[in-house]
Each structure stands twice: as C-alpha cells, then as structure tokens.
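Notes follow once the structure below has been shown.
Residue numbers (the numbering used here): 7 to 169.
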C-alpha cells in the first residue's frame with residue numbers, strides 16, 4: 007500500500023535532499039572591511055554557474071544527493087516489493103551518511119584553506135545554515151522507514167503462515 011507511513015518518510019527524505027541540493031548550506035565570511043577584497047565564499051553541493059571564481063562545494067556532494075533522490079523515488083514506487091524497497095532505503099541511508107562525512111571533511115578542508123588565504127589579523131568565520139541539518143534528519147527518517155518496511159514484511163510473512 008502506498009499510504010503507509012514509511013512512504014511519508016521516504017517522501018520527506020526526497021524533499022530534504024532536493025532542498026539540500028539547490029540551496030547553500032554554509033558560508034564563510036570575514037570582517038566587513040575586508041569583504042570586498044576577500045569575498046564571501048559559499049559551500050553548496052551545486053555551484054552556481056555565474057560564480058565560478060569563488061570556492062564552491064565539491065560536485066561529489068551534488069552527485070550523492072542526486073543518487074539519494076533517485077533511490078528515494080524508486081523506494082516510493084516499489085511499495086509492493088518490500089525487500090527491494092528495504093535494500094534501496096538501506097543504500098540511501100549509507101549514501102547519506104557518506105554525504106555527511108564528506109561534507110564535514112570538505113568543510114574542514116575549506117576552513118583550513120581560507121585561514122591560510124585570509125589577510126593577517128582576519129580569520130574567516132563559518133556560518134552553517136539549517137539546511138545542513140536536513141541531511142541528518144533524512145538519515146533518521148530513512149531509519150524510521152526501514153523499521154516500518156521490516157514491520158510490514160513481518161506482518162505479511164505472518165499472514166502467509168496462517169494460510
């Protein structure tokens with residue numbers, strides 16, 4: 007049945023991943039008097055085409071989110087094949103955990119890079135936006151969806167035993 011609660015969880019994962027793909031999740035800024043020279047660097051998964059001279063997030067983060075969006079959509083469509091749906095959701099969860107780890111590694115790398123490039127006496131500050139937390143929430147929602155899919159599969163198997 008498509009009206010199960012795990013379908014709602016998977017749809018939220020799909021939406022959160024899409025929002026994470028198209029929006030800026032963190033930015034570095036320097037004191038106001040240096041902003042014109044040093045610039046404000048953004049860190050997002052899909053770099054804007056008009057700002058190719060600024061440091062933007064690695065494209066692998068965008069690829070991971072695109073794969074998660076595809077897997078979530080496929081999981082929603084495979085509501086009759088629960089074991090396949092379960093496997094796709096597990097793979098999606100693993101990719102989201104990989105996304106979070108890669109995001110943290112690149113944020114640390116960019117912070118070190120910007121500290122070295124900053125003028126003397128000015129340190130860049132990292133402002134993480136709420137969008138970054140959506141991927142962590144997506145991991146939790148995927149885990150809840152996995153629980154629901156397993157529960158449905160156990161129910162169907164128990165009903166098959168009764169027949």
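Every residue, glycine too, gets a C-beta built ideally from N, C-alpha and C.
Residue 11 is not a Cβ neighbour of residue 104, given a cutoff of 7 Å. Boundaries of the beta strand (DSSP E) harbouring residue 132: 131 to 134, taken from the DSSP string.
The residue among 122, 129, 95, 145 with its C-alpha nearest the C-alpha of residue 79 is 95. A distance below 6 Å between beta-carbons, with the five flanking residues on each side excluded, links residue 151 to the following residues of its chain, in chain order: 12, 15, 16, 95. Remark: C-beta atoms of residue 64 and residue 112 approach each other more closely than 7 Å.
Distances from the alpha-carbon of residue 76 to those of 27, 108, 165 put 27 closest. Between residue 106 and residue 142 a beta carbon distance of about 6 Å is seen, short of the 8 Å cut, so the two are scored as contacting.
Contact check for residue 22 against residue 144 passes: the beta carbons are separated by less than 7 Å.
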